[in-house]
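Data block below; observations after.
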RNA sequence: GUGGUUGUAGCUCAGUUGGUCAGAGCGCCGGAUUGUGGUUCCGGAGGUCGCCGGUUCGAGACCGGUCUUCCACCCCA
C-alpha cells in the first residue's frame, strides 16, 4: 500500500477544538437572535440539481459553481460530438448536480416545493456551509458558512426595519462594535444608469460604481465615459454620492426622476430606525453601494467592518420575484446573511473573543494510586449528576503530571483524592488560580462548584 | 479563470555570492520534585529544507513543473 501525504483541498480548513469553540460562540449568538426574532430553522442538502443552481448567479456565478460528476460511467451518455462542442456543453452531459452556492436559491426552491405547507409570511433561518470555486484569499474561502434569515411573502417595510434591528442585536451581542451597515436601493442605481445614458448597461454601470472607494472617482468616471456615458451627468451622480444631508439627497433623487414611492419608502425606513429602540443603529445610506446578487430588486444592504480590512461580513436585500424562476409568481422576500468565517476573522484580529468560551470542565479530579482512582469513580459521577462538568484523570500518574495537565486545560478547580481524603471523608478542593486549597466534605465541594 | 507572491522542526523565524547551514527561540517529552501545577535548572525527541524533475563535482539556496499561502483583477460572505 502506498502512503499518501494527507492534504486538504485549497480554500478549505479543519477546525480544531479552540477554533470550534469560537465558531460556536458566534453561531450560538446568531441563532439565539434568529429565534428571538421569530425565525424558524430549516436545512437543505449540500447538493442541488444543477437545473436549480445554474443561471441564478450570472455567468460569473455559474463559473464558480462546483459541479458533481455523475456516478458510475459518466461517459456512457456522451458522444464524440459532445466533446467537440466544448466543456460547457459537455458539463451538461456528465454532471447534473452541484454544491450549493448560497442559501437563498435553495430557499426559493424550498418555498416553491413546500408552498402548500408554508404559512406566509414565512420567516426561516438557515446556518449551513456553501461552496464557491473562487480563488482563495484572506477572508475568502471555497467552503464557508452563511447564516441567513429571510422573510418570504411580505412586502411591508417593517421587514427591512426588523432585519436591521436583528443585525444590530447580533453584532451587539458579539461585542463587535466597529461596523457599518450600508444600504442602497436598486431603483436608485437604475435611475443613475438611465441618467448617464447607460439604461441598457446597468450591470456594467453598477460594477464601475462599486469600485469608487477602490480606484477613485476619476477613474470610475473615465471608465463610465468609455462605456458611453454622458460626462456631465456622471459628475452629477458622483456629486450626489458625496452629499451628506439625507434630506437634500432624497430631494435630488426625486429631481432626477427616481420613483417617488421608493424615496418615501427609504425615508420611512430611516424614520422607523430613528424611533427609540434603545439601540445604537449604525445604518448609512450609500448611493454607491452596488453589490449584491443579481436577484435583488429593492433595498440592498451590506455590513462592513470598520476595524479590519476585510470584505463585507454580511449582506442582504429585497428580491421581489425570487421564486418566479421556479414558477411561483408574486412572492416578495427580504433577507440578510452573516458571513460566519469573516466575522470570525474580524473578531480574531480584533481579539474580541471572550477568554472563558473554551470548553473545559469545572473541576478535575487528581489522585495518587489505583485505589484512589477507583474511589474517585463514584465522586466524578456524583458531581456530574449535580450538573457539574467534572473530569477524572484517567490513569495513575505522578501528581505533578496531573497538575500540569490541569494547567494545560485551564480547569479552575482540582479535587484531590488521596489516602488522607479517603480516610477523613474530606476532599482537598484546590483553586488553581490562587493555589489555595481546603479540605471539604463532599456536599460542600458540590456547593462551591455549583457557585461557579 | 489571468498575473504576481509565499513555503525551512508542532509554532514564529535565522540561514550571507550554490561548498561542515540543517539552526535559534517558544512549545513538546523526561528528570531534579512518588501529596501539589504555573518559576527555575538539567537532559531528550522532531525536519529526505512543500512535492517532482533539471543544471552542477556539489542545491535549502539556481532553473522548470506542481501543490499551498497571500495579493491584484473578477466577483463576493
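Residue numbers (the working numbering): 29 to 480.
C-beta: ideal position from N, C-alpha, C; glycine also.
* To do: Could you have a look at residue 285 and say whether DSSP puts it in helix, strand or coil?
  => For the purposes of this step, residue 285 is taken as residue 257 along the first chain, with counting starting at 1. Assigned with DSSP and collapsed to three states, residue 285 falls in coil, not helix or strand.
* Asked: Using a Cβ-Cβ cut-off of 7 Å (strictly less than) and excluding sequence neighbours within five positions of residue 214, which residues of its own chain qualify?
  -> Reading the first chain from its first residue, position 186 is the one you call residue 214. Cβ within range, chain order: 324, 325, 326, 328.
* Which value, in whole angstroms, describes the spacing of the CA atoms of residue 120 and residue 132? -> Taking the first residue of the first chain as 1, we reach residue 120 at position 92. Taking the first residue of the first chain as 1, we reach residue 132 at position 104. Residue 120 and residue 132 have their C-alpha atoms roughly 23 Å apart.
* In three-state terms, what does DSSP make of residue 30? -> On the first chain, position 2 is the one that residue 30 refers to. Note that residue 30 scores a pLDDT of 48, beneath 50, so its modelled location is shaky; the value from the coordinates is reported in the next line. Coil, per DSSP.
* Return helix, strand or coil for residue 295, following the three-state DSSP convention. => Taking the first chain and counting its residues from 1, one reaches residue 295 at position 267. Residue state, collapsed to three classes: helix.
* Asked: Comparing alpha-carbon positions, which option in 406, 289, 293, 331 lies nearest residue 368?
  -> Position 340 of the first chain, counting from 1, holds the residue named residue 368. Selected option, being the one with the closest Cα: 331.
* To do: Within its chain, find whatever has a CB closer than 7 Å to the CB of residue 297; leave out the 5 residues flanking it on each side and keep chain order.
  => The residue you call residue 297 lines up with position 269 of the first chain. Excluding its 5 nearest sequence neighbours in each direction, residue 297 has C-beta neighbours in its own chain below 7 Å: 185, 188, 189, listed in chain order.
* Asked: Do you know how far the Cα of residue 263 is from the Cα of residue 159?
  -> Mapped onto the first chain, residue 159 falls at position 131. Mapped onto the first chain, residue 263 falls at position 235. The alpha-carbon separation between residue 159 and residue 263 amounts to approximately 39 Å.
* Asked: Does the beta-carbon of residue 375 have 16 or more other beta-carbons within 10 angstroms, so that it is buried, or is it exposed?
  -> Taking the first chain and counting its residues from 1, the one referred to as residue 375 is at position 347. Residue 375 is buried by the Cβ-count criterion.
* Count the C-beta pairs between the region 397–409 and the region 347–357 that are closer than 8 Å, then say yes if the count reaches three, no if not. => Taking one beta carbon from each stretch, the region 397–409 and the region 347–357 have fewer than 3 pairs nearer than 8 Å; the two do not touch.
* **The alpha helix (DSSP H) enclosing residue 480, as first and last residue numbers** => On the first chain, residue 480 is found 452 positions in, with the first residue counted as 1. Looking at the DSSP string, residue 480 is not in any alpha helix (DSSP H), and its letter there is neither H nor E.
* Asked: Considering only residues of the same chain and omitting the five flanking positions on each side of residue 192, which have a CB-CB separation below 7 Å?
  -> Working through the first chain from its first residue, we reach residue 192 at position 164. Excluding sequence neighbours, residue 192 sits near 209, 301, 309, 311.
* Asked: Could you give the distance in angstroms between the alpha-carbon of residue 182 and the alpha-carbon of residue 287?
  -> Position 154 of the first chain, counted from the first residue, corresponds to residue 182. Position 259 of the first chain, counted from the first residue, corresponds to residue 287. Approximately 21 Å between the Cα atoms of the pair.
* Asked: Which residues bound the alpha helix (DSSP H) around residue 59?
  -> Looking up residue 59 in the first chain gives position 31. It spans 45–64 - the alpha helix (DSSP H) in which residue 59 sits, taken as one unbroken run.
* From the DSSP output, in three-state form, read off residue 319 for me. => Looking up residue 319 in the first chain gives position 291. Three-state result, residue 319: coil.
* Counting Cβ pairs, one atom from each stretch, are 3 or more of them under 8 Å apart for the region 201–208 and the region 267–281? -> No, the region 201–208 does not touch the region 267–281.
* Inter-residue spacing [alpha-carbon to alpha-carbon] between residue 229 and residue 253 -> For this step, residue 229 is matched to residue 201 along the first chain. For this step, residue 253 is matched to residue 225 along the first chain. Looking at the two C-alpha atoms, the distance is approximately 12 Å.
* Asked: Under the rule that 16 or more other beta-carbon atoms within 10 Å means buried, what is residue 406, buried or exposed?
  -> Reading the first chain from its first residue, position 378 is the one you call residue 406. That one is exposed.
* To do: Could you have a look at residue 345 and say whether DSSP puts it in helix, strand or coil?
  => By 1-based counting over the first chain, the position of residue 345 is 317. In the three-state DSSP reduction, residue 345 falls in the strand class (E or B).
* Is residue 106 helix, strand or coil when you go by DSSP? -> In the first chain, the residue the question calls residue 106 occupies position 78. In the structure shown, residue 106 falls within a coil segment according to DSSP collapsed to helix, strand and coil.
* To do: For the alpha helix (DSSP H) holding residue 77, just list the boundary residues, first then last.
  => Taking the first residue of the first chain as position 1, residue 77 is located at position 49. Counting along the chain, residue 77 falls outside any alpha helix (DSSP H), though it belongs to the beta strand (DSSP E) covering 75–77.
* To do: Could you have a look at residue 251 and say whether DSSP puts it in helix, strand or coil?
  => Along the first chain, read from residue 1 onward, the residue named residue 251 stands at position 223. When DSSP states are grouped into helix, strand and coil, residue 251 belongs to the helix group.
* Kindly indicate which three-state DSSP category residue 14 falls into: helix, strand or coil? => In the structure as shown, the chain begins at 29 and stops at 480. Residue 14 is therefore absent and cannot be evaluated.
* Asked: Do the region 145–162 and the region 53–68 meet, that is, are 3 or more Cβ pairs less than 8 Å apart?
  -> Yes, the region 145–162 is in contact with the region 53–68.
* Asked: Given a threshold of 16 other Cβ atoms within 10 Å of its Cβ, counted over all protein chains shown, does residue 30 qualify as buried or as exposed?
  -> Taking the first residue of the first chain as position 1, residue 30 is located at position 2. In this predicted model, residue 30 has a pLDDT of only 48, less than 50, meaning its place in the structure is not dependable; the value taken from the coordinates is given anyway. Flag for residue 30 reads exposed.
* Where are the alpha helix (DSSP H) runs, 4 residues long or more, that stay fully inside the region 157–241, in chain order? -> Uninterrupted alpha helix (DSSP H) stretches at least 4 residues long and entirely within the region 157–241 occur at 186–201, 214–223, 230–237, given in chain order.
* Going by the beta-carbon positions, is the gap between residue 364 and residue 135 smaller than 8 Å? -> Translated into the one-based positions of the first chain, residue 364 becomes position 336. Translated into the one-based positions of the first chain, residue 135 becomes position 107. Their beta carbons are not under 8 Å apart, which means residue 364 does not touch residue 135 by this criterion.
* **Endpoints, the beta strand (DSSP E) within which residue 441 is located** => For the purposes of this step, residue 441 is taken as the residue at position 413 of the first chain. Run containing residue 441: 441–445, per the beta strand (DSSP E) assignment.
* Where does residue 394 sit, in a helix, a strand or coil, going by DSSP? -> Translated into positions along the first chain, residue 394 becomes position 366. Residue state for residue 394 is assigned as strand, using DSSP reduced to three classes.
* Asked: With a CB to CB cut of under 6 Å and the five nearest residues on each side skipped, what residues in its chain are close to residue 269?
  -> Residue 269 sits at position 241 when you count from the first residue of the first chain. Excluding five sequence positions before and after residue 269, the CB atoms of its chain that fall closer than 6 Å to its own CB belong to 315, 316, given in chain order.
* **Extent of the continuous beta strand (DSSP E) to which residue 267 belongs** => Residue 267 sits at position 239 when you count from the first residue of the first chain. No beta strand (DSSP E) contains residue 267, which is instead part of the alpha helix (DSSP H) from 259–270.
* Would a C-beta distance cut-off of 8 Å place residue 256 and residue 226 closer than the cut-off? -> Taking the first chain and counting its residues from 1, one reaches residue 256 at position 228. Taking the first chain and counting its residues from 1, one reaches residue 226 at position 198. With contacts defined as CB atoms closer than 8 Å, residue 256 and residue 226 qualify as a contacting pair.
* Name the two residues that bound the continuous alpha helix (DSSP H) containing residue 93. => By one-based count along the first chain, residue 93 stands at place 65. Taken as a continuous stretch (DSSP letters only), residue 93 belongs to no alpha helix (DSSP H), as it is neither H nor E.
* To do: Could you tell me whether the region 419–437 touches the region 464–471, where touching means 3 or more Cβ pairs closer than 8 Å?
  => With a cut-off of 8 Å, the region 464–471 and the region 419–437 do not count as touching, because too few Cβ pairs lie within range.
* Where residue 331 sits in the DSSP three-state scheme -> For the purposes of this step, residue 331 is identified with residue 303 of the first chain, where counting begins at 1. Note: residue 331 maps to strand in three-state DSSP.
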